[in-house]
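Remarks on the structure that follows.
Chains as they are written, first to last, in the working numbering: chain P, 2 to 153; chain W, 2 to 153.
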């Protein structure tokens with residue numbers, strides 16, 4: 002089997018794994034010293050029990066970016082990419098080539114839309130309005146109203 | 002792209018998904034009327050939030066077996082194959098062709114060993130001794146001692 006075919010197999014495997022266990026997220030942190038008052042923090046992450054770290058290492062190797070570290074909240078390990086440059090240049094092109102097959106794909110589309118917009122320095126309101134449409138089944142630390150009130 | 006290549010991509014994607022979200026399990030239920038006193042129930046299952054059922058349908062279609070139904074324990078949907086014949090003829094050959102890449106692979110090897118042995122009607126003690134080595138991070142309703150005591 003040619004090497005490229007094996008690489009493709011790994012990429013599709015990682016896409017499936019990420020569809021189940023991965024998370025595309027855009028979070029906000031109040032920063033009074035920033036002109037925008039809010040720091041926007043996009044990330045792609047995959048968590049796993051620490052006795053099963055092989056797949057996280059495979060993500061790091063295949064995407065050629067990101068860090069693996071213990072998650073503070075529980076006893077898992079987390080692979081995470083937080084650099085906007087690496088998200089735009091490595092993570093997003095990967096999932097465009099090997100797309101998710103569940104409705105999590107919609108979250109990915111919003112995520113990629115936001116990350117590419119951030120590079121063009123859009124208004125913070127525009128980012129908030131897109132981000133709140135993501136991962137609607139999860140919990141947000143700050144809801145839309147709270148985020149907009151920080152801007153005022 | 003030829004059709005076979007797309008099919009391969011889907012299979013590797015499902016392997017990755019199963020590595021994260023799938024479960025190979027051999028459970029036991031006391032059955033006083035059975036000669037062996039214990040019913041052995043192997044299963045392969047994948048659970049998912051009900052708003053993301055696409056992947057479960059993809060498992061059912063690709064493996065050409067199994068059922069999708071609401072899980073009693075929570076608000077998820079569960080794809081499950083419990084027929085020993087279908088496990089041996091469809092599920093195991095699939096994961097031999099598209100193997101898991103995490104240490105869950107070890108659980109799969111034990112699972113396939115057990116399921117193929119069951120067809121040959123081995124001793125129930127042999128099955129118990131193999132099954133308790135699986136999924137050691139999870140909880141078992143009956144431990145080895147309890148299972149062996151039921152046999153007496």
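Positions of the beta carbon are idealized from the N, C-alpha and C atoms, including for glycine.
**Request:** Name the two residues that bound the continuous alpha helix (DSSP H) containing residue 153 of chain P.
**Result:** The count along the first chain starts at 1 and reaches residue 153 of chain P at position 152. Looking at the DSSP string, residue 153 of chain P is not in any alpha helix (DSSP H), and its letter there is neither H nor E.
**Request:** Out of W:137, W:93, W:130, point me to the one whose CA is closest to residue 104 of chain W's CA.
**Result:** Here the question's residue 104 of chain W lines up with position 103 in the second chain. Ranking the options by Cα distance to residue 104 of chain W, first place goes to W:137.
**Residue from W:58, W:131, W:45, W:78 whose Cα sits closest to the Cα of residue 96 of chain W** = Translated into the one-based positions of the second chain, residue 96 of chain W becomes position 95. Here the closest residue by C-alpha is W:45.
**Item:** According to DSSP, residues forming a beta bridge with residue 26 of chain P
**Value:** Residue numbering aside, residue 26 of chain P sits at position 25 when the first chain is read from its first letter. P:44.
**Asked** Does the beta-carbon distance from residue 110 of chain P to residue 20 of chain P come in below 8 Å?
**Response** In the first chain, residue 110 of chain P corresponds to position 109, counting from 1. In the first chain, residue 20 of chain P corresponds to position 19, counting from 1. Result no, Cβ atoms of residue 110 of chain P and residue 20 of chain P do not sit closer than 8 Å.
**Near-chain W residues of the segment 43 to 70 of chain P (beta-carbon distance less than 7 Å), N- to C-terminal order** = 50, 52, 53, 55, 56, 59
**Item:** Contained alpha helix (DSSP H) runs [length at least 4] in the segment 122 to 149 of chain W, N- to C-terminal order
**Value:** 125 to 132
**Message:** Please report the distance separating the alpha-carbon of residue 48 of chain W from that of residue 54 of chain W.
**Reply:** Here residue 48 of chain W corresponds to residue number 47 of the second chain, with the count starting at 1. Here residue 54 of chain W corresponds to residue number 53 of the second chain, with the count starting at 1. Their Cα atoms are separated by approximately 9 Å.
**Asked** Using 8 Å as the limit for Cβ to Cβ distance, is residue 152 of chain W near chain P?
**Response** Taking the first residue of the second chain as 1, we reach residue 152 of chain W at position 151. Closer than 8 Å: no.
**Prompt:** For residue 22 of chain P and chain W, any beta-carbon pair shorter than 8 Å?
**Reply:** Taking the first residue of the first chain as 1, we reach residue 22 of chain P at position 21. Cβ-Cβ to chain W under 8 Å: yes for residue 22 of chain P.
**Item:** Contacts of residue 105 of chain W in chain P (Cβ-Cβ under 8 Å)
**Value:** Your numbering for residue 105 of chain W matches position 104 in the second chain. Near residue 105 of chain W (Cβ distances below 8 Å), the residues of chain P are 53.
**Request:** Starting from the C-beta of residue 27 of chain W, find all residues in its chain whose C-beta is less than 6 Å away, skip the five residues before and the five after it, and write them out in chain order.
**Result:** Residue mapping note: residue 27 of chain W aligns to position 26 of the second chain, counting from 1. These residues qualify, in order along the chain: 43, 115, 132.
**Runs of alpha helix (DSSP H) lying entirely within the segment 60 to 123 of chain W, each at least 4 residues, in chain order** = 93 to 98, 105 to 120
**Prompt:** Does any C-beta atom of chain P lie closer than 8 Å to the C-beta of residue 35 of chain W?
**Reply:** Within the second chain, numbered from 1, the residue matching residue 35 of chain W stands at position 34. Output row for residue 35 of chain W: interface = no.
**Alpha-carbon to alpha-carbon, residue 81 of chain W and residue 58 of chain P** = Position 57 of the first chain holds residue 58 of chain P. Position 80 of the second chain holds residue 81 of chain W. Rounded to whole angstroms, residue 58 of chain P and residue 81 of chain W show a C-alpha spacing of 29 Å.
**Asked** To which residues of the same chain is residue 93 of chain W closer than 6 Å at the C-beta, ignoring the five residues directly before and after it?
**Response** Translated into positions along the second chain, residue 93 of chain W becomes position 92. The answer, listed in chain order, is 113.
**Prompt:** Can you tell me whether residue 74 of chain W is buried or exposed, with buried defined as 16 or more other CB within 10 angstroms of its CB?
**Reply:** Translated into the one-based positions of the second chain, residue 74 of chain W becomes position 73. Exposed is the call here.
**Prompt:** If you check the beta carbons only, do residue 41 of chain P and residue 128 of chain P fall under 8 Å apart?
**Reply:** In the first chain, residue 41 of chain P corresponds to position 40, counting from 1. In the first chain, residue 128 of chain P corresponds to position 127, counting from 1. Closer than 8 Å, so yes.
**Asked** Listing by chain order, which chain P residues have their CB less than 7 Å from the CB of residue 75 of chain W?
**Response** Position 74 of the second chain holds residue 75 of chain W. Within 7 Å Cβ-Cβ: nothing; residue 75 of chain W doesn't reach chain P, min ~13 Å.
**Prompt:** Do residue 65 of chain P and residue 91 of chain P have their C-beta atoms within less than 8 Å of each other?
**Reply:** Counted from its first residue, the first chain places residue 65 of chain P at position 64. Counted from its first residue, the first chain places residue 91 of chain P at position 90. Closer than 8 Å, so yes.
**Nearest-angstrom Cα separation, counted from residue 56 of chain W out to residue 4 of chain W** = Here residue 4 of chain W refers to the residue found at position 3 when the second chain is read from its first residue. Here residue 56 of chain W refers to the residue found at position 55 when the second chain is read from its first residue. With a pLDDT of 48 at residue 4 of chain W, under the threshold of 50, the modelled position of that residue is not reliable, and no figure is offered here.
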